[in-house]
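Residue numbers (our numbering): 130 to 225.
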């Protein structure tokens, strides 16, 4: 049985209110591996995801939100154009 490829992403920003991920376009996409990505984040961040919003930039450069509850992935939510600009600006100073 072939080994299943996992998504490859970087955590570009963690604040008290949000987490921004960037999909590196290797293996499965964050979109297709959302449950594992959220679980991994929740386990690796001190105190878990908590009430932070989790955003990710997909391989097309668009941002979406991974809605979570209790450290588990619930659903996707598209970001507005205003959020797209704000999140892009936030990553403008981050070296990926």
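For each residue, glycine too, the CB sits at the ideal point set by N, CA and C. This structure is a prediction, so every number in the text was calculated from the model and none was measured.
Option nearest residue 186 by Cα separation, candidates 145, 134 and 218: Closest by alpha carbon: 218.
Reference residue 229, options 184, 204 and 135, closest by Cα: The question about residue 229 has no answer here: the residues shown for the chain are numbered 130 through 225.
Residues bridged to residue 143 (per DSSP): Secondary-structure assignment with DSSP links residue 143 through a beta bridge to 148.
Nearest to residue 212 (by Cα), restricted to the options 203, 199 and 190: Closest option to residue 212, Cα to Cα, is 190.
Cβ-Cβ distance between residue 201 and residue 175 below 9 Å: Cβ distance not < 9 Å, so residue 201 and residue 175 don't count as in contact.
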